[in-house]
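Colleague: Numbering (the numbering used here), first residue to last: 728 to 859.
Yeah, the Cβ is synthetic: ideal placement off N, Cα and C, and Gly gets one too.
Structure in structure tokens, see below.
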């Protein structure tokens, strides 16, 4: 019989284009769930943040690629169009397999990507673990 465990946490961010490692928080929630095998989905509330899985040594490079791929200005929609576009391209969610109560991550980590805001901000992230 499948079980579901859901928990939300808040992180403080600043940006734009900054990555925040949330792996430890997600792993703690997976452990709390007591679900052995299944799927963990990490979801960012809002429309300008994103969730990504990459190796730590690639995090800085990743930021530079985002600047090139979706520049801040030049869009018809004034203000933060770039943040919405980046979030859409990257995705606001990430699903990861769970085997033996451990996320299948390899050498990668889970990051929240702040695509907007030059000032500190609180972001809500929900983790849903489903399985047996």
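Within a Cβ cutoff of 6 Å, which residues of the same chain sit near residue 770, ignoring the five residues on either side of it in sequence?
Modeller: Closer than 6 Å at the Cβ level, and outside the excluded window around residue 770, lie 820 and 853.
Colleague: Distance check for residue 728 and residue 817, CA to CA, integer angstroms please.
Modeller: Near 33 Å, if we compare the C-alpha coordinates of residue 728 and residue 817.
Colleague: Please report the distance separating the alpha-carbon of residue 851 from that of residue 741.
Modeller: C-alpha separation (whole angstroms): 14 Å.
Colleague: Could you tell me whether the Cβ atoms of residue 862 and residue 767 are closer together than 8 Å?
Modeller: Residue 862 falls outside the range modelled here, since the chain spans only 728 to 859, and no answer is possible.
Colleague: Quick one: grab the DSSP three-state call for residue 789.
Modeller: Note: residue 789 maps to helix in three-state DSSP.
Colleague: In this structure, does DSSP put residue 813 in helix, strand or coil?
Modeller: Note: residue 813 maps to helix in three-state DSSP.
Colleague: Can you tell which of 754, 772, 810 and 780 has its C-alpha closest to the C-alpha of residue 845?
Modeller: Among 754, 772, 810 and 780, the Cα nearest to that of residue 845 is on 810.
Colleague: Near residue 828, which residues of its chain fall below 6 Å by C-beta distance, leaving aside the five closest residues on each side in sequence?
Modeller: Result list for residue 828: 763, in chain order.
Colleague: With a 10 Å radius around its C-beta and 16 neighbouring C-beta atoms as the bar for buried, classify residue 880 as buried or exposed.
Modeller: The question about residue 880 has no answer here: the residues shown for the chain are numbered 728 through 859.
Colleague: Cα separation between residue 780 and residue 837?
Modeller: The alpha-carbon atoms of residue 780 and residue 837 are separated by roughly 5 Å.
Colleague: So, residue 855 versus residue 731, is the Cβ gap smaller than 8 Å?
Modeller: Going by C-beta atoms, residue 855 is nearer than 8 Å to residue 731.
Colleague: Check this for me: beta carbons of residue 830 and residue 754, under 8 Å apart or not?
Modeller: Cβ distance < 8 Å, so residue 830 and residue 754 count as in contact.
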